[in-house]
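Chemist: Questions regarding the structure given below will be posed in turn.
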Amino acid sequence: MFLIIFLIFQNSYFQSIKGYDTPADEGGSITLEWKIKEEFLSDTNPIKFFEIYRKEKEKGFINVGFVLSQYNAYEDKGLIDGKDYYYQIWVIRERDTLKSEIIGPIYSSAQWFNTNRLNVLIITIILFVVFLYYIEKAKKGEKLFVRKIAGLDAIDDAVGRATEMGRPILFSFGLGFITDVVTIAALSILSKIAKKCAEYGTRLLIPNYDPIVMAAAQETVKEAYLEANRPDLYKEGDITYLTSDQFGYAAGCDGIIIREKPGAIFWQGYFFAESLILAETGHSVGAIQIAGTTAITQLPFFIAACDYTLIGEEMFAASCYLKPEPHMLGSLKGEDFLKAIILIVLTFSAIIATLAVIFKDFTFINKLFQFINNIFTVK
Amino acid sequence: MILNIIGTWLAATLTLAIFSFLYKDNPFYKLAEHIYVGVSAGFWVIYVWSFDIKPMLIDRFISETGIEKWILIIPAILGVLMLTRWFPRTAWISRIPLAFTIGIGAGLGVTASIQGFLIPQIGATLLPLTNINNILLVIGVISTIIYFYFSKEFKGSLKLFSRLGIIFIMIAFGASFGYTVMARISLLIGRIYFLLHNLLGII
Amino acid sequence: MIRHQLPLIITFFTGMLLIITFFIPHKPFGDLEQRFLIWYSIISGFTVLLGLDSLVRYHLSKLKKEFNIHSFILILSLFLTLILGFYSWFKFKTPFALNSPFMFLYTYVIIPLQATMFALLAFFIASAAYRAFRARTFEATLLLIAATVVMLGRVPIGGYISKGIAYFISFLFKIPYEKISEIQIFAIVSDWIMNIPQNAAKRGIFIGTALGGIAMSIRIILGIERTYITK
Amino acid sequence: MREFLTKLATIDRRIIYLLTFLVVCLPMIFKMIMPIRVSEEVKMAFKEIDNLKPGSIVMISIDYDAASEPELQPMLIAILRHCFSKDIKVILLGQWALGLPLGEMALNQVAKEYNKKYGEDYVNLGYRPGYTALMVGIGKELRDFFPTDYKGIPIDSFPFMRKVRNYQQIDILVGLEAGATGDAWVQFAGARFNQKIILGTTGVVAPDMFPYLQAKQIVGLIGGLQGAAEYETLIKKAGSAILGMPAQSFVHLLIIIFIIIGNIGYFILRRKR
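Chains as they are written, first to last, in our numbering: chain V, 4 to 382; chain L, 157 to 359; chain F, 1282 to 1512; chain E, 7 to 279.
Below, the structure written as structure tokens:
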């Protein structure tokens, strides 16, 4: 009799108290949640912290952890799946201790699928399928349309004007390495410029930061001169290795620019803060400057200091237009397809969201918007 | 105390050696540059020893027991295999640990980009067009994406949206320009504060 | 065959495993993921040493050809750092102990060199601002205007200038100065630019780069992109 | 008029360098102080930490090095002062190895001001390679990566560290960023483990973090020296950031004047051609 009263009486401290197997986990973990009734949250006798007590079937209670007063949940780990556990929460206050009623039996279990991440799974599968589809198509050599980037016309004009002025052309990859995708894109832009230089017989200077990129540049230019059947004009000496130090490279380039006074300069690749010195010296000798980089932090300075700038992905589009290489072309087309989907989702959702606000009581629209919104929330 | 004075003078000479680059590229700048490359390379070796090899391999090997102790041999071997890249003949072996780390990096990257960026960022753009800021935000994101869309010629409405996109992009780059200028100047202020305060004690 | 296929197989399995364990928390996968992450942490420490070899080898070969002070100083400072570093670690149990010689090297060599290297940029920006930043196209003009507003909005002097403008407006349109003197025009417009147009454009750009990054990761996992492995 | 303009347009670089140097030095020598206007995103960051109860845990990640010290060190010191003044426990670690000594210096300086004891009020875990793998690994068990602190002492020997298993015991993660590590924290710790994050970044990185702020993936953003000065104003304890702001202001003005003069000269010369 006494025991039952004790149980009922205890129940009055907590508004709610529950324990359950932690969802979407590898098992061995139970989560406890509780809420103290208002009247027990007095300032005169504030709660210091909560102590968590656990008991197995026949054994006594042991203290397994504690949580500061501002929390009302605890995750107990290291348990054995399928075994019954009982819990009790002690509310340690300044002057006394309140004990919750005993809850249980509860047992932990592992889940095979994290249901919270269903939206991530669906999108991951879509991305794999879309990219694989377009890369295979590009590999098979199918004609995939890529529009001509305005920057390519600017490149032609620049080479033409430099030739009229009878001044050489300078090309730089910046501080990129051969493993950077932007360096590979810059190589195909270089091959277009080299072909034009071969036709016009204009001298092409390429100072380099990385020896491997220099070797790739020499290869590309030699090939371009061959294609324009002017192998005699190709001068290996114009494609040199300067230094592998950021500002040393910038100072080296400045020296060449001031000495050779190029008519057109191409900054295509990955740049860091030295882009400032390079673009400024180029401007001081009156050269037409065309920049192209994926380095978001340097783009503002290139746009302000150069005549034309290829912004981020425009470089990949330019190189795909010039010399479509399956991996890059396939990825670009895959990205475009996904961008189209995102554009549709954004416009459609904007309309639905606006209607949901206007027709507050029309539950269907609100439910539809909740559904879309739910897909794009991280749980 | 003496050490601090010597140190401050050493730091001041190195600072002026780097600043001398402003006058023109000179041997003092090159010297300071090479000291920096040498010292920072040395730093990395000390870090790898005291924060990777010692605590994660040696200490753990001593403290672990049973099967866990011998499993530790695998990452140790993979780590050492990485160093085979130093010798041209055996360099290809280093591709095995390299492939391991690149695979993990790529695997983590895919799910993180989707859960950590695409979903929340698209989710944050599902806004009702009920106030001017929401309208500009949604239109800004749409027109910027259209600007970087390469599968269709820019005609008609696409041309309009791409023009709108470049306006948003230029305002964004202008803002980054202003913030970057602010950042670069703060670095100079920090250095001059060092020269005026620590070295000369004027302020 | 082994040289090319094995790395690609390893990349495929580790990549796919890390994606699968993201969705399946159940027993074997969760532990396996954590174990692979610990191994990744251990191994990635060694990659740092790779760069060291090419650096030392390059400068030693230069020194062998003919003595030059720069390569000599580099090698000397490298070994000096190693000696001081291991000594500090040995004596203080950690290289960070504030009074250790290693920390001396950090405070009085690394900080001045690295900080000053980047402080140079303020000068380069100033001279580029004067000699190269031109409003030659519509885009560049828009960029420079936005930059000017943000630069004034982000610093206290912007407040004084907007007070001046408020005084001028109150004088011109006879609006009492007190009412509009507190409005910091540049700061408000700059905050709006940062939170709305700049935000939208950056989100659009980063959605593009995120898709590009995912495409690259998928190409690596499926062995389509090989430059990483075969180079 | 024309030769004046051509002379103006071709001023030697070094004169501009000297002018910039002077405009930075003078306001600092005369110790000018200017009122700081606090922006919304810094207020959000301040409120998040201010609402924490004593005994809560804040993890600070040092993701910068000496190159960004003038912007982020005052931010670190201001946040440490704010945490210690509210008896909040601090766990320090870093992803940029060359930045860790800066973290150690700031910890020692501020701990003395509030006489906080190592091991009881704050712990320095030091550096561990692993980057994104580390961020995900900590999500399950911190000890798998940081069994010991930066001195090799097991972290279980520190009382408040005993209950720290992973992100669930960490109330706020403050990332001090000079590069892309901030994105990694948001995508790997924030989205995957629902960790509340505040980012303190250099001026270069700050604009790129606004999309995270608007999408509520971070709860506060402190940008550049101006952000640090605003935080110092909020905790009512002036530091080197506030001292630097006047010089910052005048150089901004100087740069804007340079751009304007440069463009006037450019347009007049262009119309002549």
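Beta carbons are placed, not taken as given, at the ideal position from N, Cα and C, and that holds for glycine. Computed from a predicted structure; not experimentally measured.
Please list the terminal residues of the continuous alpha helix (DSSP H) segment that includes P1478/F.
Modeler: 1478-1502
Chemist: Exposed or buried, which one is W102/E when buried takes at least 16 other CB atoms within 10 Å?
Modeler: buried
Chemist: Name the one or two DSSP bridge partners that E54/V has.
Modeler: F69/V, W93/V
Chemist: Relative to the C-alpha of G250/E, which residue among G181/E, V30/E, E119/E, R8/E is closest?
Modeler: G250/E has its Cα closest to that of V30/E, out of G181/E, V30/E, E119/E, R8/E.
Chemist: Are at least three pairs of beta-carbons, each pair with one atom in the stretch 1415-1422 of chain F and one in the stretch 230-238 of chain E, less than 8 Å apart?
Modeler: no
Chemist: Closer than 9 Å, Cβ to Cβ, to anything on chain L: give me those residues from the stretch 1475-1488 of chain F, in chain order.
Modeler: M1475, N1476, I1477, P1478, Q1479, N1480, A1481, A1482, K1483, R1484, G1485, I1486, F1487, I1488
Chemist: Start and end of the beta strand (DSSP E) containing P108/V?
Modeler: 106-109
Chemist: For Y133/E, I'd like the list of residues in its chain whose CB is within less than 6 Å of its CB, leaving aside the five on either flank, ordered along the chain.
Modeler: G100, A103, L106
Chemist: Taking D1472/F and G1434/F to be in contact with their CB atoms under 8 Å, please state how far apart those CB atoms are, rounded to whole angstroms.
Modeler: 7 Å
Chemist: DSSP state of F17/V, grouped into three classes?
Modeler: strand
Chemist: Excluding sequence positions up to five away, which residues of its chain have a Cβ less than 7 Å from the Cβ of M1497/F?
Modeler: E1506
Chemist: Mind checking if A1396/F is an interface residue toward chain E, Cβ cutoff 8 Å exclusive?
Modeler: Taking Cβ atoms only, chain E reaches closer than 8 Å to A1396/F, which makes this a yes.
Chemist: Just mark Y1448/F as buried or exposed, buried being the case when its beta carbon has 16 or more other beta carbons within 10 Å.
Modeler: exposed
Chemist: Measure the CB-CB distance between I1319/F and D71/E and report whether it falls below 8 Å.
Modeler: Not a contact, by the Cβ cut-off of 8 Å.
Chemist: Where does L219/E land, buried or exposed, given buried means 16+ other C-beta within 10 angstroms?
Modeler: buried
Chemist: If you measure from the beta carbon of G1326/F to each beta carbon in chain E, is any gap under 8 Å?
Modeler: yes
Chemist: Rounded to the nearest angstrom, what separates K336/V and F1367/F at their Cα positions?
Modeler: 53 Å
Chemist: Taking DSSP as the reference, what is the three-state secondary structure of A112/E?
Modeler: When DSSP states are grouped into helix, strand and coil, A112/E belongs to the helix group.
Chemist: Thinking C-alpha only, which one of V1337/F, P1376/F, K1345/F, I1301/F is nearest F207/L?
Modeler: P1376/F
Chemist: Are any of the Cβ atoms in chain E nearer than 8 Å to that of R216/L?
Modeler: yes
Chemist: Measure the CB-CB distance between G272/V and G204/V and report whether it falls below 8 Å.
Modeler: No; because the gap between Cβ atoms is not below 8 Å, this pair is not in contact.
Chemist: How far does the alpha helix (DSSP H) with N122/V in it extend, from its first residue to its last?
Modeler: 121-142
Chemist: Taking Cβ positions, are A189/V and Y228/V nearer each other than 8 Å?
Modeler: no
Chemist: Of all the residues that make up the stretch 277-303 of chain V, which are near chain E by a beta-carbon distance shorter than 9 Å?
Modeler: Flagged, chain order: E283, S287, I299, T300.
Chemist: In the stretch 159-176 of chain V, which residues sit with their C-beta less than 7 Å from some C-beta in chain E, listed in chain order?
Modeler: Residues: none.
Chemist: Tell me, please, whether the stretch 300-310 of chain V touches the stretch 114-133 of chain V by the rule of three or more beta-carbon pairs shorter than 8 Å.
Modeler: no
Chemist: Nearest CA to the CA of L124/V: which residue from Y1458/F, I1301/F, L1287/F?
Modeler: Of Y1458/F, I1301/F, L1287/F, the residue nearest in Cα terms is I1301/F.
Chemist: Terminal residues of the continuous alpha helix (DSSP H) containing Y218/E?
Modeler: 212-220
Chemist: Measuring only the C-alpha atoms, how far is I1323/F from L228/L?
Modeler: 10 Å
Chemist: How would you list, in chain order, the residues of chain E whose beta-carbon sits under 8 Å from the beta-carbon of Y335/L?
Modeler: Going along chain E in sequence order, the residues near Y335/L (Cβ under 8 Å) are G209, V210, A212, P213, G229, G230.
Chemist: Tell me where the alpha helix (DSSP H) around M251/E begins and ends.
Modeler: That run of the alpha helix (DSSP H) goes 246-278.
Chemist: With 8 Å as the threshold, decide whether the Cβ of G206/E is near any Cβ in chain V.
Modeler: no
Chemist: State the beta-bridge partners of Y124/E as determined by DSSP.
Modeler: Answer by DSSP bridge pairing, in chain order: Y128/E.
Chemist: Counting along the chain, where does the alpha helix (DSSP H) carrying A1416/F start and finish?
Modeler: Taken as a continuous stretch (DSSP letters only), A1416/F belongs to no alpha helix (DSSP H), as it is neither H nor E.
Chemist: To the nearest angstrom, report how far apart N287/L and I361/V are at their CA atoms.
Modeler: So the alpha carbons of these two residues sit roughly 13 Å apart.
Chemist: To which residues of the same chain is F269/V closer than 6 Å at the C-beta, ignoring the five residues directly before and after it?
Modeler: Taking C-beta separations shorter than 6 Å and ignoring five residues to either side along the sequence, the partners of F269/V in its chain run F174, I293, following chain order.
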